[in-house]
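Undergrad:
In the numbering used here, the protein residues as written are 220 to 476.
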């Protein structure tokens with residue numbers, strides 16, 4: 220799939236190929252009215268269905284500027300040093316603001332890069348908002364939000380993303396249907412790791428130590444000023460001492476629920 224250029228862009232930020240896909244999705248889902256809105260709507264995965272003592276650590280990188288475009292190098296260096304695997308959900312905005320770092324992450328076999336949306340928007344066919352962030356407002360915008368970031372990530376990694384998490388982790392169920400039709404498993408979480416990098420060290424440690432086998436935990440890697448790195452450096456070894464193992468989502472792909 221060729222890179223997207225400004226000259227190729229058509230309506231709603233779509234080039235001809237993505238516009239054709241959007242029209243197919245409009246035919247399939249255009250008559251549906253969403254009835255759900257939130258983090259746990261129909262079709263969203265929140266856990267691994269297993270009794271194995273495994274935990275999937277997932278890290279979001281969200282924005283394009285200011286605090287949201289940061290990079291928690293201490294956190295990533297710790298994971299690398301301790302050989303702890305993780306799934307990284309990168310937004311298109313963050314990738315474009317941190318191109319060299321994104322390339323470095325893509326080359327690290329400990330990390331799997333997945334899709335966090337091109338513009339880090341809640342995923343809606345009706346323009347719903349979450350945390351003051353405007354969601355996608357149509358099927359075409361849903362396709363653009365997922366499809367354009369797919370391309371950025373494929374350029375980085377050589378593979379199309381398998382997993383998607385929206386900006387804010389909010390969805391309506393029709394948008395989730397479209398994401399799945401585009402080949403994505405929609406991943407949220409069952410342990411709130413750092414609440415958008417706002418939790419204290421003590422809160423992060425408490426939630427992590429309370430995780431059960433099969434947990435999917437949501438953290439952020441774009442806020443180096445937060446307590447996330449310090450808390451994980453202190454607490455992840457405690458879970459390893461309890462016999463827990465950290466895994467990529469794809470290792471338990473068939474057990475995602």
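By construction, the Cβ of each residue, glycine as well, lies at the ideal position given by its N, Cα and C atoms.
In the DSSP assignment, what are the bridge partners of residue 330?
TA: In DSSP, residue 330 forms a bridge with 305.
Undergrad: Under three-state DSSP, which class holds residue 415?
TA: Three-state result, residue 415: coil.
Undergrad: Within a Cβ cutoff of 7 Å, which residues of the same chain sit near residue 413, ignoring the five residues on either side of it in sequence?
TA: 423, 438, 439, 445 and 447, listed in sequence order.
Undergrad: Please determine if the region 241-258 and the region 283-295 are in contact, where contact requires at least 3 C-beta pairs separated by less than 8 Å.
TA: In short, these stretches do not touch, since the Cβ pair count stays below three.
Undergrad: Quick one: using the 10 Å Cβ neighbour count with 16 as the cut-off for buried, is residue 328 buried or exposed?
TA: Exposed, by the Cβ-count rule.
Undergrad: Let's test the definition: count the other Cβ atoms within 10 Å of the Cβ of residue 261 and tell me whether it reaches 16, buried, or not, exposed.
TA: It is exposed - the Cβ of residue 261 has fewer than 16 other Cβ atoms within 10 Å.
Undergrad: Is DSSP giving residue 383 helix, strand or coil here?
TA: Strand at residue 383.
Undergrad: Distance, Cα to Cα, residue 378 vs residue 394?
TA: If you take the alpha carbons of residue 378 and residue 394, they lie about 23 Å apart.
Undergrad: Just to confirm my understanding: we take residue 396, look at its own chain, exclude 5 residues before and 5 after, and list those with CB closer than 7 Å. What are they?
TA: Closer than 7 Å at Cβ, skipping near neighbours: 248 and 262.
Undergrad: If distances are taken between C-alpha atoms only, which option among 270, 433, 334 and 376 comes closest to residue 388?
TA: Cα-wise, what sits closest to residue 388 is 334.
Undergrad: Ordered along the chain, which non-local residues of its own chain (more than five positions away) have a Cβ less than 6 Å from that of residue 385?
TA: 336, 341 and 342, listed in sequence order.
Undergrad: Opposite residue 257 in the DSSP bridges: which residues?
TA: Beta-bridge pairing links residue 257 to 390.
Undergrad: Closer than 6 Å by C-beta to residue 419: which residues in its own chain qualify, once you throw out the five before and the five after it? Chain order, please.
TA: So the list reads 446, once near-sequence residues are dropped.
Undergrad: Enumerate, from N- to C-terminal direction, the unbroken beta strand (DSSP E) stretches of 3 or more residues contained entirely within the region 261-303.
TA: Counting only runs of 3 or more, we get 273-280.
Undergrad: Sort 391, 454, 376 and 358 by Cα distance to residue 314 and report the nearest one.
TA: Nearest of 391, 454, 376 and 358 to residue 314, Cα basis: 376.
Undergrad: Span of the beta strand (DSSP E) holding residue 438?
TA: Its beta strand (DSSP E) spans residues 434-439.
Undergrad: Are at least three pairs of beta-carbons, each pair with one atom in the region 318-325 and one in the region 355-370, less than 8 Å apart?
TA: Short answer: they don't touch.
Undergrad: From the DSSP secondary-structure annotation, give me the bridge partner or partners of residue 406.
TA: Bridge partners of residue 406: 264.
Undergrad: For residue 466, which residues of its own chain have a beta-carbon under 6 Å away from its beta-carbon, when the five flanking residues on both sides are left out?
TA: For residue 466, where only same-chain residues beyond five positions count, the Cβ hits under 6 Å are 273 and 275.
Undergrad: Can you grab the Cα-Cα spacing for the pair residue 265 / residue 475, in whole Å?
TA: About 8 Å.
Undergrad: Among the residues of its own chain, which have a CB less than 8 Å from the CB of residue 392, if the five just before and after it don't count?
TA: 253, 254, 255, 260, 261 and 262.
Undergrad: Return the chain-ordered ranges of every alpha helix (DSSP H) run that is complete within the region 341-370 and spans a minimum of 4 residues.
TA: Entirely contained in the region 341-370, not one alpha helix (DSSP H) run reaches 4 residues.
Undergrad: DSSP state of residue 464, grouped into three classes?
TA: In this structure, residue 464 counts as strand in the three-state DSSP scheme.
Undergrad: Looking at chain C, is there any beta carbon in it that lies within less than 8 Å of the beta carbon of residue 475?
TA: The structure shown contains no chain C, having only a single protein chain.
Undergrad: From this set, 300, 368, 271 and 246, which residue's C-alpha is nearest residue 462's C-alpha?
TA: When only C-alpha atoms are compared, the closest one is 271.
Undergrad: Is residue 425 buried or exposed, if buried means 16 or more other CB atoms sit within 10 Å of its CB?
TA: It is exposed - the Cβ of residue 425 has fewer than 16 other Cβ atoms within 10 Å.
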